[in-house]
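J.:
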Amino acid sequence: MIGGLFIYNHKGEVLISRVYRDDIGRNAVDAFRVNVIHARQQVRSPVTNIARTSFFHVKRSNIWLAAVTKQNVNAAMVFEFLYKMCDVMTAYFGKISEENIKNNFVLIYELLDEILDFGYPQNSETGALKTFITQTGIKSQSKEEQSQITSQVTGQIGWRREGIKYRRNELFLDVLESVNLLMSPQGQVLSAHVSGRVVMKSYLSGMPECKFGMNDKIVIDKQGKGGATEEAAGKRSGHQSIAIDDCTFHQCVRLSKFDAERSISFIPPDGECELMRYRTTKDIILPFRVIPLVREVGRTKLEVKVVIKSNFKPSLLAQKIEVRIPTPLNTSGVQVICMKGKAKYKASENAIVWKIKRMAGMKESQISAEIELLPTNDKKKWARPPISMNFEVPFAPSGLKVRYLKVFEPKLNYSDHDVIKWVRYIGRSGIYETRC
Amino acid sequence: MTDSKYFTTTKKGEIFELKAELNSDKKEKKKEAVKKVIASMTVGKDVSALFPDVVNCMQTDNLELKKLVYLYLMNYAKSQPDMAIMAVNTFVKDCEDPNPLIRALAVRTMGCIRVDKITEYLCEPLRKCLKDEDPYVRKTAAVCVAKLHDINAQLVEDQGFLDTLKDLISDSNPMVVANAVAALSEIAESHPNSNLLDLNPQSINKLLTALNECTEWGQIFILDCLANYTPRDDRESQSICERVTPRLSHANSAVVLSAVKVLMKFMEMLPKDLDYYGTLLKKLAPPLVTLLSAEPELQYVALRNINLIVQKRPEILKHEMKVFFVKYNDPIYVKLEKLDIMIRLASQANIAQVLAELKEYATEVDVDFVRKAVRAIGRCAIKVEQSAERCVSTLLDLIQTKVNYVVQEAIVVIKDIFRKYPNKYESVIATLCENLDSLDEPEARAAMIWIVGEYAERIDNADELLESFLEGFHDESTQVQLQLLTAIVKLFLKKPTETQELVQQVLSLATQDSDNPDLRDRGYIYWRLLSTDPVAAKEVVLAEKPLISEETDLIEPTLLEELICHIGTLASVYHKPPSAFVEGSRGVMHKRLPARTGSGEGTECPDVGNAAGGSAPEAAPSIIPSQGDLLGDLLNLDLAPPTTTGPTPSTSGMQMGGMDLLGGGLESLLGGDIGGSPAMGAGFGAAPAVMPASLNAPVGGGLGDLFDLGGGVGMPMGAYIPPKTVWLPAMKAKGLEISGTFARRAGVIQMELVLTNKAMSVMTDFAIQFNRNSFGLAPAGPLQVLTPLGPNQTIEVSLPLSTVGPVMKMDPLNNLQVAVKNNIDVFYFSCQYPISMLFVEDGKMERQVFLATWKDIPNDNESQFQIQDCHLNSEAASNKLQGSNIFTIAKRTVEGQDMLYMSIKLSNGIWVLAELKVQAGNPNYTISLKCRAPEVSQCVFQCYEAVLKN
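Just so you know, the protein sequences line up as chains A and B, in that order.
136 is the number of the first residue of the first sequence in this note's numbering; add one for each residue after it.
49 is the number of the first residue of the second sequence in this note's numbering; add one for each residue after it.
Written out as structure tokens, the structure reads:
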């Protein structure tokens, strides 16, 4: 198990050091600093073995978090824990920075004592932790409160406390998708997938039982077969349903129920949580198509023409569109002409950045550029990195639709109809690249 | 209020100031002071001098202050053990506090103070906390047992904490269960033989129930513990798999990987034709792919594991090539791992895509990555024959780029392509030669020289090229020197007229001017070969080369199996067994995958089961420590079969007479089998290579087949053959695994061996020898492994045995110590044979003789045994026994009880008489055995039991 946990600043000074096991000595702190933080080379692996001691590290801005062990620990668990640790710290004091860590070091030690015991991760849900670890010291609690805290921390529903009350029961569902594409210069899709998240923000009283439904092909097909109006209904809904390659759920979702019936039921944590993550690869709506044309004119000039086409309903508007066209390292000057938006050559980034604020569906726009090159005697050819794109569209490129989210709270007197529900779809570009 | 100010006090004499502040009356000031102390401790300053003052602050109602003091204690208690005692009272008091959070805090902290004197005081509070009414305290106490065990293992055992901990596995609170499992697993690791984690179907069921309810971390502890269990049969294994698969949709990647580990392991036991097996395979792919959208560090862990999974079960991810395509901004460690997996998944179906990708990668910036990509193109050519041409042309394109390291890497892989497809792509040699001057890495130089030497007859200026290398011979690395020597000798053999001078030059450079023994020796060998017999030299040097394998960097199968059992852990990230990087006894135990079994015979492989179960010692195949005389014999092993070297005189003298008597019979026996060839006896020792074929064909082939046929139909006559067990695990024999059994077929005793090569290299030159044993068993011929045993191949051999070998009494009586030799090493193991294979066919005694003998043998020699749970009637039992040469002579029925009288004759002439009482409706038989040599009774009884129950 985890033998110790250290937090360093960018210079390699220790900000937090908590040792859980006897086999980790003080010299481990220095070993990591010397071999990893101060290493001349770029870090080649997130796991480093120095003198039979293994170091796992993650970096957040310029802060290093390192977990140390001498045993054959579950490596996946250690990284998951480090991410969780970051989440918890962010939830308590915001951005992870040297200043924030120094300002809250007592709190961090207190948290580390609670969520890692002898190197074994314990309950790390911020919702539960905040009930008894506070920066203002312990409040005098009644006996009932104390036992309520402990049963919640250890209980089956460790992510929600009882007795939550809201005057207005409200929930917000965000379907956030990032669409990833790798396209060949000829317009052939080399790989494309959507990785999506369903983020839920709920302000519901009591312990509400929720049930979430979407246009999952497996569910729809099953219902189509069962119903009486099978043929027509099956075909119609089958047309809208999507095939989900794989999905993972927040720990509040009952996985065995999903496995058996493919129904998603849960009692949500209060506030925001990431309910589900999913991935699809079939029938993806690619919001933009990039058509590049690069021509080398002699050794000192490049001509680049890029056309982008939007491929969705004309009534919808895409936002924050940015096309990044890489330029060779020996570029001396660039001249750009674009029909829409603004384009600029950024020498520090070796790229032409073309920004368009808004663009409706089924439109087309074009940029052309002339790149002057300095003559070099470098034998190596320019690697031609792919042209990448950023955008945001108000629909889900995977085609996912939320069908329902039902809320039941048998003990309190509000019903599903009383809950105000909001659903929003946002499709963003992930790694959206076209080779040129 | 900010805490960062505490980090800035660096002035002199601060210890004194802090001391004063700690003793201040004001609570706020005290707290501030303690915080300063902790801050100094964090940055590595020694503040142990303040120990008494800090401990004085412990008695407080302020929980925050208390926690800070505890933190200080944990760090410095060890350096001030006497002072630490001062804190004990507060701890003990806190363990009684009405607030469960404070009780838990006290017990948690106490466990972290590693001072012997304190641990004594810890026992009582810990005992109370383990049974506390509050689950939060119990889950903390469970971990505390593991802490205490780490400090003083004996104390934990003496105080009975282990039993209490085991009880917590049945706790109503899932988190308590999870922590108890974690603590027990850790303790069990340092006691590999104690049966601490007594996993059985009931406890497994409890764990699976808790799995659905506990936190993500708890689920990981439970899944990791489940992975150590070995189900009894495929049905149980399937039902566990069914309950674990929902975890594959968990958001926590570690839960997913641990679930994958359990499934990969238990899948081994499922029959491949089962529908569920296919379903499970399909279910595994999507979650593995999803892991690739996690954060880069986790992706790295996942990819290292996928690398193992793909080697073990390529079918899972064979359609998922695209997800392993490298993204431009992946961190380098993710890129390199993806590339590795791409090569493994490359096949004819996807090769076009893969090549297009690899070509892109070869133009990237990172040198390591580019090199690997170039190498990957070469691997593809070797792996997928159809793509070879395209790969070669891609490589040529890359050589044209003239990027130095790309060219060098390409030349190294082209050499391999030449070896795989000889005489196919020589047209590219001209292009390669153009780049000769730019090669500065030894590997690339050596590869280029190899190519020139190999194709010397097609390269007009081969002598000039090689000569140019020769100029700086002494500055080259050994690899290049060796290659240059061989290449020039090859050139000489191909074009002797023009290159005599060159070859003499290189030979003298290698033999006279070099200090490297390898180089010198190789030089001398060539020199002598060339000077004595150029034709022979040609045959040796220009011999056809063995083909190179398609896969490289494969992990040894035994190691792979072990690593599969460690999926998700550091071992799977390093691709090394835990013993390679973990100190001490922890986790050094080897884990293995369970064997595939049918539902009926699940329990028949105790050895495999136990080893995988992770707690029992490897019982059955004890490896014989090297014995002097055995080893000496082995040196002669491949010169002649041991039976004809003449038995070494047995010093004990026991049963020497009997042996001589039988010794003469051997030749006639062999002669008869072979078909009366009189020359055979004489040719025996001289030509072992001729004999096996003729000996084994009639015995192993003909008679064996005949017998198998009978056995298959279910004739009652079939002699009992115990199931094959693993005698020599691959771990102990450099990759050679031997399992086997003994059988008596048509009067011939046979040792049936299954040899499996789990190493990476080919094994040849097998030979076998027995140590002296109780009944003089010895191989009747050499071991019949005629073809070399390739990696991952299995061969079944049956070795006929004679009973005329040297005799020495063994303990147990039926123990047999065996030595097996191959081209790698000599391995020793011991096994036990069922004595029933020594029962001869003419063992039926006359009734009268039986009666007389029964009376004649003194009653002291009689032994009685119980055979339990046998549901055969006397008729069936008698039939069954007859199949194994146990003959029923008479039957008597007294008061509904059948009395069967039987006789057995052993190969060395010992008679055993038996009386078997069978009562209708009672599954327990009673058996009395009488024999002049009562030592054998126990073995005979075991045979009865084995025969009747199978």
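Where a beta carbon is used, it is the ideal one built from N, C-alpha and C, also for glycine.
1. Hey, quick one: how far does the beta strand (DSSP E) through Arg195/A stretch, first residue to last?
2. Between the C-alpha atoms of Ser922/B and Gln916/B, what's the straight-line distance to the nearest angstrom?
3. Pop quiz: Asn350/A and Arg559/A are said to be a contact at Cβ under 8 angstroms. What is the actual Cβ separation, rounded to whole angstroms?
4. So, at 8 angstroms on beta carbons, what are the nonlocal neighbours of Asn200/B in its own chain, with the 5 sequence-adjacent residues on each side left out?
5. With 16 other CB atoms within 10 Å as the buried threshold, where does Val554/A fall?
6. Measuring only between beta-carbons, confirm whether Arg187/A sits less than 8 angstroms from chain B.
7. Under 8 angstroms, with one C-beta from each stretch per pair, do the segment 857–874 of chain B and the segment 812–825 of chain B reach the 3-pair mark?
8. Could you check how far apart the C-beta atoms of Leu539/B and Ala495/B are, in whole angstroms? I think they sit under 8 angstroms.
9. Let me know the beta strand (DSSP E) ranges lying completely inside the segment 411–438 of chain A, each 3 residues or longer, listed in chain order.
10. Taking the continuous beta strand (DSSP E) assigned at Asn184/A, which residues delimit it?
11. Which residues, taken in chain order from the segment 367–401 of chain B, show a beta carbon closer than 9 angstroms to some beta carbon of chain A?
12. Please report how far the alpha carbon of Ser326/A lies from the alpha carbon of Tyr567/A, in whole angstroms.
13. Determine, using beta carbons only, whether Asn465/A comes closer than 8 angstroms to chain C.
14. Using DSSP with H/G/I as helix, E/B as strand and the rest coil, what is Phe629/B?
15. Tell me the residue span of the alpha helix (DSSP H) that contains Arg132/A.
16. By the 10 Å Cβ neighbour count, where 16 or more other Cβ atoms means buried, how is Ile522/A classified, buried or exposed?
17. If you drop the 5 nearest sequence neighbours on each side, which residues of the same chain put their C-beta closer than 8 angstroms to that of Ile499/B?
18. Excluding sequence positions up to five away, which residues of its chain have a Cβ less than 7 angstroms from the Cβ of Met763/B?
19. For the segment 279–298 of chain A, list every residue whose C-beta sits within 8 angstroms of some C-beta in chain B, in sequence order.
20. Using the beta-carbon of each residue, which ones in chain A are nearer than 9 angstroms to Pro294/B?
21. For the beta strand (DSSP E) that Cys428/B lies in, which residues bound it at each end?
22. Return helix, strand or coil for His552/A, following the three-state DSSP convention.
23. So, is the C-beta of Arg156/B closer than 8 angstroms to a C-beta in chain A?
24. Kindly indicate which three-state DSSP category Glu617/B falls into: helix, strand or coil?
25. CB Thr462/A to CB Pro510/A, shorter than 8 angstroms?
26. Return the residues of the segment 62–78 of chain B that lie within a Cβ-Cβ distance of less than 8 angstroms from chain A, sorted by chain order.
27. With DSSP as the reference, label Val988/B as helix, strand or coil.
28. Would you kindly report the start and end of the unbroken beta strand (DSSP E) that includes Ile6/B?
29. Comparing C-alpha positions only, which one of Pro605/B, Tyr124/B, Pro836/B and Thr257/B sits nearest to Gly92/B?
30. How big is the Cα-Cα spacing for Asp215/B and Leu346/B?
31. Assuming Met950/B and Ile934/B form a contact by the criterion Cβ under 8 angstroms, report the distance between their Cβ atoms to the nearest whole angstrom.
32. Going by alpha carbons, who is nearest to Ala302/B out of Val208/A, Asp165/A and Ala166/A?
33. For Cys387/A, tell me which candidate among Leu336/B, Thr263/B and Val310/B has the shortest Cα-Cα distance.
34. Among Ala453/A, Ile460/A and Leu451/A, which residue has its Cα nearest to the Cα of Val442/A?
35. Could you give the distance in angstroms between the alpha-carbon of Glu80/B and the alpha-carbon of Ala342/B?
36. What do you get for Glu366/A, buried or exposed, if any count of 16 or more other CB atoms within 10 angstroms of its CB means buried?
T.: In brief:
1. Note, Arg195/A: beta strand (DSSP E), Thr188 to Arg195.
2. 14 angstroms
3. The Cβ separation is near 17 angstroms, so there is no contact.
4. Asp164 and Thr167
5. buried
6. yes
7. Below 8 angstroms, enough C-beta pairs join the segment 857–874 of chain B and the segment 812–825 of chain B to call them touching: three or more.
8. Contact between Leu539/B and Ala495/B is absent: CB atoms are separated by about 16 angstroms, not below the 8 angstroms threshold.
9. 423–432
10. Val182 to Ile185
11. Lys370, Val371, Phe373, Lys375, Tyr376, Asn377, Pro379, Ile380, Tyr381, Leu384 and Gln401
12. 10 angstroms
13. Reference to chain C is not applicable here, since the protein chains of this structure are A and B.
14. coil
15. As shown, chain A starts at 136 and ends at 571. That puts residue 132/A outside it, with no answer to give.
16. buried
17. Ile459, Ile462, Lys463, Phe466, Ile477 and Leu480
18. Any reading at Met763/B is ruled out, since the residue's pLDDT is 41, under 50, leaving its predicted position unreliable.
19. Gln281, Ser282, Ile284, Thr285, Ser286, Val288, Thr289, Gly290, Gln291 and Gly293
20. Arg389, Leu390, Ser391, Lys392, Phe393, Asp394 and Ala395
21. Per DSSP, Cys428/B belongs to no beta strand (DSSP E); it is in the alpha helix (DSSP H), Val415 to Lys431.
22. helix
23. yes
24. The question names Glu, but residue 617/B is Thr in the sequence shown. Residue state, collapsed to three classes: strand.
25. Thr462/A is not a Cβ neighbour of Pro510/A, given a cutoff of 8 angstroms.
26. none
27. helix
28. Residue 6/B cannot be examined here, being either before or after the span of chain B that is shown, 49 to 998.
29. Tyr124/B
30. 35 angstroms
31. 6 angstroms
32. Val208/A
33. Checking every option, the nearest Cα to that of Cys387/A belongs to Thr263/B.
34. It is Ile460/A.
35. Near 42 angstroms, if we compare the C-alpha coordinates of Ala342/B and Glu80/B.
36. Because the pLDDT of Glu366/A is 45, which lies under 50, any placement of that residue in the model is unreliable, and the question is left without a value.
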